[in-house]
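Chains as they are written, first to last, in our numbering: chain P, 1 to 141; chain U, 1001 to 1108. The C-beta atom is built at its ideal place from N, Cα and C for all residues, glycine as well. Computed from a prediction, not measured in an experiment: that's the story for all the values here. Here is the structure we will look at.
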Amino acid sequence: MSDTDETRLIEITVPALPERLKLIRNTLRITAETVGCSETCRQDIVMAVDEACQNIIRHGYKNDPDGLITVDVRLARDTLVIKLIDYAQPVVVEQVKSRDLEDVRPGGLGVHIIRECMDEAEFKRPPEGAGNLLELTKKIV
Amino acid sequence: MAYKVHKTGDYAIVELTGDVDLERSPDVRKLLLEQIGAGHAVIVDLSGVSYIDSSGVASLVEAFQNARKRGSDFSLASVSTAAMRVLELARLDKIFTIHASVDAVTGG
């Protein structure tokens, strides 16, 4: 899908800090509500974006407080397209995987939650100067 | 996020409210492990939890496993809809002991 098919809704850049995640969640919740997402759809989007941002903070920036995350939300017909851009080292996509849920232990659930909550989650070519671009899509229901 | 701890008999009831996220889950982890370490059977009341992420769930799993190693009880009660959705996604709703209410356990 080309950029021209998308309507830009909101773009924010925030410090990659745990205490800024609530700001991202609230922004996503209001944006999803504005375009008519149901409560369940909003919850799914908020959870997935929050988990993806956590991965950026913990694994991308390794808790470096100087990191930044850009959240770019667009509407493409009946689908929300959310681009998460960071400036950390590029992710080795093959290493991004969910753990076996039968192996009950703390941690390792973020990727599973993202995949369950969104229709698509895919790393794409980041803009010049950025480290990673994760694109999440969700049909509005 | 806020929390309250109160004791009823052998039980420590830990009430969590608000968002249990990456910012707050280290506090939850510490609190739960302290209660288990003090020898209490722990019930975590999740009725007031509006949001919980994978880091919050990880704190519950760690506490649950720690309690099991010690042979003490650890359970959840009054799980909010938002928290239950995450537990179900993580397929942990069948792993944790979940009570309809704290009173159902303590007879309060």
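Taking 8 Å as the Cβ-Cβ cut-off, the stretch 1063-1091 of chain U approaches chain P at Gln1065, Ala1082, Arg1085, Val1086, Leu1089, Ala1090, Arg1091, given in chain order.
Between Ile1098 (chain U) and Ser1075 (chain U) a beta carbon distance of about 7 Å is seen, short of the 8 Å cut, so the two are scored as contacting. Contact between Gln89 (chain P) and Gly131 (chain P) holds: CB atoms are separated by about 6 Å, below the 8 Å threshold.
Put simply, the CB of Asp1093 (chain U) is far from chain P, with every gap to its CB atoms at 8 Å or more. Against chain U, the CB of Asp50 (chain P) has a partner CB under 8 Å away; the residue lies at that interface. Rounded to whole angstroms, the separation of the alpha carbons of Gly67 (chain P) and Tyr61 (chain P) is 6 Å. A residue is called buried when at least 16 other Cβ atoms come within 10 angstroms of its Cβ; Arg1070 (chain U) does not meet this threshold and is exposed. Think of a sphere of 7 Å around the beta carbon of Ile113 (chain P): the chain U residues whose beta carbon falls inside it are Ser1054, Leu1089, in chain order.
Here DSSP, grouped into helix, strand and coil, assigns Ala1082 (chain U) to helix. The closest CA to that of Thr13 (chain P), considering only P:Ser98, P:Val73, P:Ile113, is found on P:Val73. Nearest in C-alpha terms to Leu21 (chain P), of all of P:Thr70, P:Ile10, P:Cys41, is P:Thr70. Around the CB of His1006 (chain U), fewer than 16 other CB atoms lie within 10 Å, so the residue is classed as exposed. Taken in chain order, the complete beta strand (DSSP E) segments of 3 or more residues contained in the stretch 51-106 of chain P are 68-76, 79-86. Nearest CB-CB separation between Lys22 (chain P) and chain U: below the 8 Å threshold.
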